Structure formats: C-alpha cells, structure tokens
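Enquirer: My questions will all concern the structure given below.
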Amino acid sequence: MISKRAAVVAGALVVFAGVSLAAITILEGQVLGDDGQPLKDAVIKIERIDISGHYQTKTNKKGEYYYGGLPLGVFNVCVEVNGKQRDCLNKVRTTTEKPTEVPFNLKAQREQTEALAVAAAAGTLTKEQEKGLSPEALAALKKQEKDRAQALEHNRKLNEAYNAGMQELNCGKKPASCPATAPSDPSNPQSAPQPMTAAIYYQQAVDSFKKAADTDPKQEAIWSHLAEAQTGLAGTQMGPEQKATLTAALESFEKSIALRPSDPAVHNNYALALARLNRFPEATAELEKAAEYDPPGAGKYYYNLGALLVNSGQYDQAALNFKKAIELTPSHAEAHFQYAVCLSAKMSVTPDGKTVAPPEMKTELDKYLELAPNGPNADAAKAMLAALASQVQTQYANPNATPTPKKSKKKS
19 MISKRAAVVA
29 GALVVFAGVS
39 LAAITILEGQ
49 VLGDDGQPLK
59 DAVIKIERID
69 ISGHYQTKTN
79 KKGEYYYGGL
89 PLGVFNVCVE
99 VNGKQRDCLN
109 KVRTTTEKPT
119 EVPFNLKAQR
129 EQTEALAVAA
139 AAGTLTKEQE
149 KGLSPEALAA
159 LKKQEKDRAQ
169 ALEHNRKLNE
179 AYNAGMQELN
189 CGKKPASCPA
199 TAPSDPSNPQ
209 SAPQPMTAAI
219 YYQQAVDSFK
229 KAADTDPKQE
239 AIWSHLAEAQ
249 TGLAGTQMGP
259 EQKATLTAAL
269 ESFEKSIALR
279 PSDPAVHNNY
289 ALALARLNRF
299 PEATAELEKA
309 AEYDPPGAGK
319 YYYNLGALLV
329 NSGQYDQAAL
339 NFKKAIELTP
349 SHAEAHFQYA
359 VCLSAKMSVT
369 PDGKTVAPPE
379 MKTELDKYLE
389 LAPNGPNADA
399 AKAMLAALAS
409 QVQTQYANPN
419 ATPTPKKSKK
429 KS
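Pasting the structure below:
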C-alpha cells in the first residue's frame, strides 16, 4: 500500500511539473543602418500576435540585439530609429531548437523600396515584385503612385496656366512684340483671324491667371500677376467697367499680400491701384509699408504716387509726394523735375509783367540738370529755367495781397 501511494504521489508530481514548465525562446539579430554599417541604439519592438504581449530592446555598439525568455509564439518584429519605424518582419514564429534570427539592413531595404517606388511610378512593377511585398507595403506603393500622378497633373495644369498668363501679360504691355492677329476660334486655326490688342491680351492673361489660382490658390505670385493683368486691362477701359476691373484687382492684391505681407513691389502696385480709384489715404498707407520693407527704394514709391496725382491734376498733393521722394532719395532726378513742375502751378504774373515763382522751383530744376544732364526732361528743364531767368521776380510775393500803405515823410 505504501508503495502504491508513493507511485501516485510521484505521478502527480510529474504531471504538475510538466504544466508549470513553459517553452522559452530567443530572438536575436543585427541592424545595419542607411550607410550599411552597424547601427547602435536602434529600438527593436517585439509584438506577440497570437496572444497579447509586448517586448522591447536596443542594439549595442555592434548593431546587435538579443532578447531571451520569450514564450513560444508568433511575433511582429520592427526596428525604430529616432522615433520612426523603418522596417518590420511580420509573423515570425520562434522555436525552442535554436535562437530565431531577425536581421535588418536599412540601406538595402531603403534601396529596394526606392526601386519599387520608381517601378510603381513608371507602371513597371512586376507581379514577382508585388508578390515580395506585404499587403501594407503594396498598398502604400499604390497610394504613392496615385499621389505622384495627381501631383504631376496638378503641376502640369498650374504651370500651363501660369506660363500662358505671363506670356499674355507681357504681350499686353508690348502688343507690338506679339502676333498682331490670332484665329477667331482658337480651336480652329483655319478660322478668320482677329486683330490682337492690348485689351485682348490683358483679358487673356486675367483668364489664365484665374485658372492658375483655381488650381493652386496658395501661390502669391499668381495673385500678384493676376492683379497686374487686371490693372492693365482697366487701363484699356472707361467708366463703370474700369472701376469694376480695378476693384477686382484690389481683391487680388489683398490675397497676394495675405500670402506674403513683406513684398514691397506688391504694396507699391496695390497703392497705385488704390490711387486710381481716388483712395489716396489708403494708397499712402500702402506706400509707407512698401518704403518700410524696402528702405533703399523708398523714394520711388512716393514718386509713383506723385506721378499718378499729376496725371489726375492734383498738383498740390502730388508736390507733397515728390518732396517726400526727394527727402528719402535725394538722387532721384525725376522727382526733382516733377516737383518743379508742381511748383510751376503756383506761378503768377504781376501787373508789370514779371513772372513770380516759388524760390524752390529754380533750385529743383538746377538739381535735376545736375543729376541728369542728358535726362528725358533735360530740354524741358532748360526751357523752364530760361523762362524764369528772363523776367522772374526772385522775391516771392502774393500778387493778390493788399498792398501795405507807404508812410509819409515828415517835412523838416
């Protein structure tokens, strides 16, 4: 009886020991980096997929890693570098017979991925290559191929519209340098030709830039050139039509400035468009911004506004801007001449036939000839100086002022 009980106990102990012992496995390998050399501190993430389980280790200075004590199972093994997953080997089944090796060669993997991406983009991905990819990798390549095709089409449409707009804008500025006629129906080159004018070229440029803006509204250059084409078109129009086109140009300028607030040229052109709509306080504010962003060129911005004011007959306001241009850029010859022209509006003739002119006028004309002796207005400046020299009164006096009565001398 004693021997039988011992046998039963012994048997129970054997069964109990068999249940408590779990199969232990090992994962190991080496990681080679993008340069093909052993990579230190690469993170190895081990995820058990048959049941829940997560394990992690790092590579040593030889790029090697080792993880012992893993339960027998199926794992996804991934390598992570600088927080970014670089490669994975899925459904790795461990064994108790020997360590399971899972090496990673990031250089070879990257080159393979790039080659597959090129093949996918070119549409030459073979069935054999597809078989060697995981479903996830194949889906990723297909998405890259689709994204690349969409990006190429996007860029094609954008460049086509933008380049057409630039060519048409340049023709609007210089119609004589472009074809004088074009088919009345662009889709039919055999149709009767129509004469091409600046207005037609500017309208074509507006249409092309609008198409480019529809393709990519985040391009500052598109909006600034659209505004330029619209202001050019407005120059060929009159009345309400001109006002509507200029108003549209202001909206384009505003969109351009919103994308790139520090472009002085856009602020300058925006100011000129505002001035054409007689919105001079706003125009002045924009010119001040242009001068702030481009101090060396500040004088030209105020000169431009002064020129617009002269053309609209507002000589007093124009004179202020020309004077500002001179203060900021003393070497701006044309500003000196135009300031003198504005001062000439204040000239008058006394009853005895003498010309009365502001003293600054002669100074400004002399300065213009000093800076630009052969300038476009040199002859005009010389003629004005000659007229002043003939019978000019050097002491400026208001001819409409009430004369001061002379004091009578007392007889001695």
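Basically my numbering = 1-based index in the sequence shown + 18. For every residue, glycine included, the Cβ atom is placed at its ideal position computed from N, Cα and C. Please read all numbers here as calculations on a predicted model, not as lab measurements.
I want to know whether the stretch 76-94 touches the stretch 44-55 - three or more CB-CB distances under 8 Å.
Expert: Yes, the stretch 76-94 is in contact with the stretch 44-55.
Enquirer: Use the C-beta contact count for T199: other C-beta atoms within 10 angstroms, 16 or more gives buried, fewer gives exposed.
Expert: Exposed is the call here.
Enquirer: Mark E186 as exposed unless 16 or more other C-beta atoms lie within 10 angstroms of its C-beta, in which case mark it buried.
Expert: Buried is the call here.
Enquirer: Since S358 and Y386 are thought to touch, with beta carbons under 8 Å apart, how far apart are those beta carbons, to the nearest angstrom?
Expert: Sequence check: residue 358 is Ala here, not Ser. Sure, about 7 Å apart at Cβ, within 8 Å.
Enquirer: Taking contact to mean 3 or more Cβ pairs, one atom from each stretch, closer than 8 Å, check whether the stretch 89-100 and the stretch 112-121 are in contact.
Expert: The stretch 89-100 is in contact with the stretch 112-121.
Enquirer: Within 10 Å of its beta-carbon, does M256 have 16 or more other beta-carbons around it, so buried, or fewer, so exposed?
Expert: It counts as exposed.
Enquirer: Identify, in the order they occur along the chain, each residue of the same chain with its Cβ nearer than 7 Å to the Cβ of K341, setting aside the five sequence neighbours on each side.
Expert: Around K341: Y357.
Enquirer: Using CA atoms only, rank isn't needed, just tell me which of Q260, I240, A210 is closest to A217.
Expert: For A217, the nearest C-alpha among the options comes from Q260.
Enquirer: Using the three-state DSSP reduction, which class does T263 fall into: helix, strand or coil?
Expert: T263: helix per DSSP, three-state reduction.
Enquirer: Jot down the residue ranges of each uninterrupted alpha helix (DSSP H) in the stretch 79-160, minimum 4 residues, whole runs only, in chain order.
Expert: Entirely contained in the stretch 79-160, the alpha helix (DSSP H) runs reaching 4 residues are, in chain order, 124-140, 145-149.
Enquirer: Using a threshold of 9 Å, state whether the C-beta atoms of K229 and G183 are closer than that.
Expert: Yes.
Enquirer: Run through DSSP, which three-state label would K192 get?
Expert: Three-state result, K192: coil.
Enquirer: Select from A325, E345, K63, G331 the residue whose C-alpha is nearest the C-alpha of P313.
Expert: It is E345.
Enquirer: If you follow the beta strand (DSSP E) that G47 is in, where does it begin and where does it stop?
Expert: First-last of the beta strand (DSSP E) with G47: 42-50.
Enquirer: Drop a sphere of 10 angstroms on the beta-carbon of R294, count the other beta-carbons inside from all chains shown, and report buried for 16 or more, exposed for fewer.
Expert: So R294 ends up on the buried side.
Enquirer: If you reduce the DSSP assignment to three classes, tell me which class Q221 lands in.
Expert: Helix, per DSSP.
Enquirer: Can you give, in chain order, each stretch of the alpha helix (DSSP H) that sits fully within the stretch 252-325 and has at least 4 residues?
Expert: Counting only runs of 4 or more, we get 257-277, 282-294, 298-311.
Enquirer: Since F15 and A245 are thought to touch, with beta carbons under 8 Å apart, how far apart are those beta carbons, to the nearest angstrom?
Expert: Any property of residue 15 remains undetermined from this structure, which presents the chain solely from 19 to 430.
Enquirer: Look at the alpha carbon of Y83 and the alpha carbon of I240, and state the distance between them as a whole number of angstroms.
Expert: Answer to the nearest angstrom: the Cα atoms are 54 Å apart.
Enquirer: Whole angstroms is fine: what's the gap from K63's alpha carbon to L88's?
Expert: Distance between the alpha carbons of K63 and L88: 13 Å.
Enquirer: Please return the same chain residues whose Cβ sits closer than 7 Å to the Cβ of L338, not counting the five positions on each side in sequence.
Expert: If we look at L338 and ignore the five residues flanking it on each side, it has no Cβ neighbours.
Enquirer: Reducing DSSP to helix, strand and coil, say where I344 ends up.
Expert: I344 falls in the helix class under three-state DSSP.
Enquirer: Sort Q162, E154, V61, D165 by Cα distance to F122 and report the nearest one.
Expert: With distances taken between Cα atoms, F122 lies closest to V61.
Enquirer: Please return the same chain residues whose Cβ sits closer than 8 Å to the Cβ of G81, not counting the five positions on each side in sequence.
Expert: Same-chain partners within the cutoff: Q48, V49, L50, G51, Q55, P56, L57, K58, A60.
Enquirer: Using DSSP with H/G/I as helix, E/B as strand and the rest coil, what is T479?
Expert: Within the shown structure, residues of the chain are numbered from 19 to 430, placing residue 479 beyond reach of any answer.
Enquirer: How about T233 and H172: are their beta carbons less than 9 Å apart?
Expert: Result yes, Cβ atoms of T233 and H172 sit closer than 9 Å.
Enquirer: Do A14 and A316 have their CB atoms nearer than 9 Å?
Expert: Outside the shown range of the chain (19 to 430) lies residue 14, about which nothing can therefore be said.
Enquirer: Where G86 and N177 are concerned, what is the direct C-alpha to C-alpha distance, given to the nearest angstrom?
Expert: Cα to Cα, G86 sits roughly 58 Å from N177.
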